[in-house]
Structure formats: C-alpha cells, structure tokens
Amino acid sequence: MEGRPADDSELISRALRGETAAYEEIVQRYQQVAFRTAYVITGTAADAEDAAQEGFVKAYRALNRFRPGAEWRPWLLRIVANEARNRARSSGRRHHLELRLIEGFRPGDAAQSPEAVAIASDERRRLIALLNAMADEDRLVIASRYFLELSGEETAAALGIPEGTVKSRLSRALARLRAQVEEAPGA
C-alpha cells in the first residue's frame with residue numbers, strides 16, 4: 001500500500017477502528033471543498049470555517065452510520081451544508097455572494113490589455129450583483145455547480161435536495177439569470 005494514497009473507504013474503515021490519523025487524512029483531503037460549500041451558504045469565512053469544522057466533528061461522530069460502499073464526499077458535504085444552514089439561519093443574515101475579482105488573467109491565459117481587464121472586471125461585478133439579487137435557492141445552486149464546481153450529485157447532497165431537483169432548479173435559475181443579464185443596463 002506504500003506509494004499510493006488510501007481511498008476513502010479504506011480511510012473510513014481505519015478511522016472506525018480508532019486510527020485518528022486516518023480521519024485526519026480525510027479532513028485534509030476534504031477541508032477545502034467543505035469550506036467552500038459552507039461559504040456559499042453562510043457568506044462569511046469565519047462562519048464557513050466553523051461550519052466546516054463542526055461538520056467534520058459531526059461526521060466523525062456519525063461514522064458508524066455511514067453506509068459501506070456509499071460515496072463519502074456527498075455524505076460529508078450534506079453534513080457540512082446542514083451545519084452551515086443552521087449557522088446562517090441562527091445568525092439571521094442573508095449573505096451576498098462575493099467573489100475575489102482577479103485583476104488580469106488566469107495562469108495560462110494570454111496577457112490582456114488594461115482595457116480588456118477593466119471590461120472583464122466590470123462584467124464580473126455586474127454578474128455578481130445580479131446573482132446577489134437572486135433568490136437564495138437559485139444563487140446557491142448556481143454557486144455550487146459553477147463556483148464550487150460540485151457535481152450534480154454533490155450539489156444535491158450539499159443542498160439536501162434530490163439530484164433531479166438540482167437539474168431542474170439549475171436550469172430555471174440559469175434561465176432567470178440569462179434574462180436578467182439581457183435586461184440589465186449595459187448588456
């Protein structure tokens with residue numbers, strides 16, 4: 001087994017036998033996606049960090065209820081998302097999606113002119129403003145699929161809805177966003 005990373009089911013089996021190092025490896029493997037999932041729901045880094053951490057604790061306590069052969073990532077993200085929703089609900093805040101706008105380009109892109117960078121930045125700001133004006137369920141499904149790059153199954157688990165609902169909700173949300181983009185000044 002040397003030289004290859006352990007798969008999730010192997011790590012879970014070891015964690016169930018009391019090997020804390022195995023669960024620590026699971027946490028390391030999934031901490032980024034857990035944080036991003038919680039951030040989409042809570043809207044603040046502090047709340048997202050707390051929700052992700054508490055989600056890992058709750059998942060550890062519930063390991064004996066994890067179905068052997070099931071996918072770990074969707075199961076974990078559902079726990080994290082539930083914790084994040086509880087935190088967002090208890091704080092009474094409706095968060096706004098914020099993306100760090102990268103000035104310039106992504107690695108591998110050709111250098112852009114200052115004018116092209118300014119136009120792209122303005123377009124991103126407009127898009128974020130339109131997303132923030134959307135209903136929570138629309139914003140969350142779009143953010144989960146396109147900003148967090150979760151699969152349909154993972155989005156369903158994170159949002160606590162069936163995968164078919166993710167597909168239909170995403171389709172309707174994108175249609176509404178498309179209509180808003182076309183109607184918005186400067187479109």
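Residues in the sequence shown are numbered consecutively from 1, following our numbering. For glycine and all other residues, C-beta sits at the position ideal for the given N, C-alpha and C. Fair warning: this is a prediction, and the values are worked out from it, not measured in the lab.
Other residues of its chain near residue i: CB distance less than 8 Å, five sequence neighbours each side excluded
i: N64; result: L16
i: E49; result: F35 and A38
i: P74; result: E153, E154, A156, A157 and A158
i: L174; result: I142
i: S168; result: none
i: L99; result: Residue placement at L99 is flagged as unreliable, the pLDDT there being 45, under the threshold of 50; a coordinate-derived value is accordingly withheld.
Proximity below 7 Å, CB of residue i to CB of residue j
i: G156; j: V141; result: Note that residue 156 is Ala in the sequence shown here, rather than Gly. No, Cβ-Cβ distance for A156 and V141 is not below 7 Å.
i: A158; j: L77; result: yes
i: R7; j: W72; result: First, the amino acid is wrong: residue 7 is Asp here, not Arg. The answer is no: Cβ separation not under 7 Å.
i: R139; j: L131; result: yes
Cβ-based neighbour list, residue i, same chain, cut-off 7 Å, excluding 5 preceding and 5 following
i: V209; result: Residue 209 cannot be examined here, being either before or after the span of the chain that is shown, 1 to 187.
i: P162; result: A156
i: A22; result: L11, R14 and A15
i: A45; result: Y39
i: S144; result: V40, L150, T155, A158 and L159
Same chain, Cβ closer than 6 Å to residue i, neighbours up to 5 away in sequence not counted
i: A88; result: I41 and T42
Expected contact under 8 Å - CB spacing of residue i and residue j to nearest Å
i: S91; j: D47; result: 7 Å
i: N86; j: G160; result: That belief does not hold up - the Cβ atoms of N86 and G160 are roughly 12 Å apart, past 8 Å.
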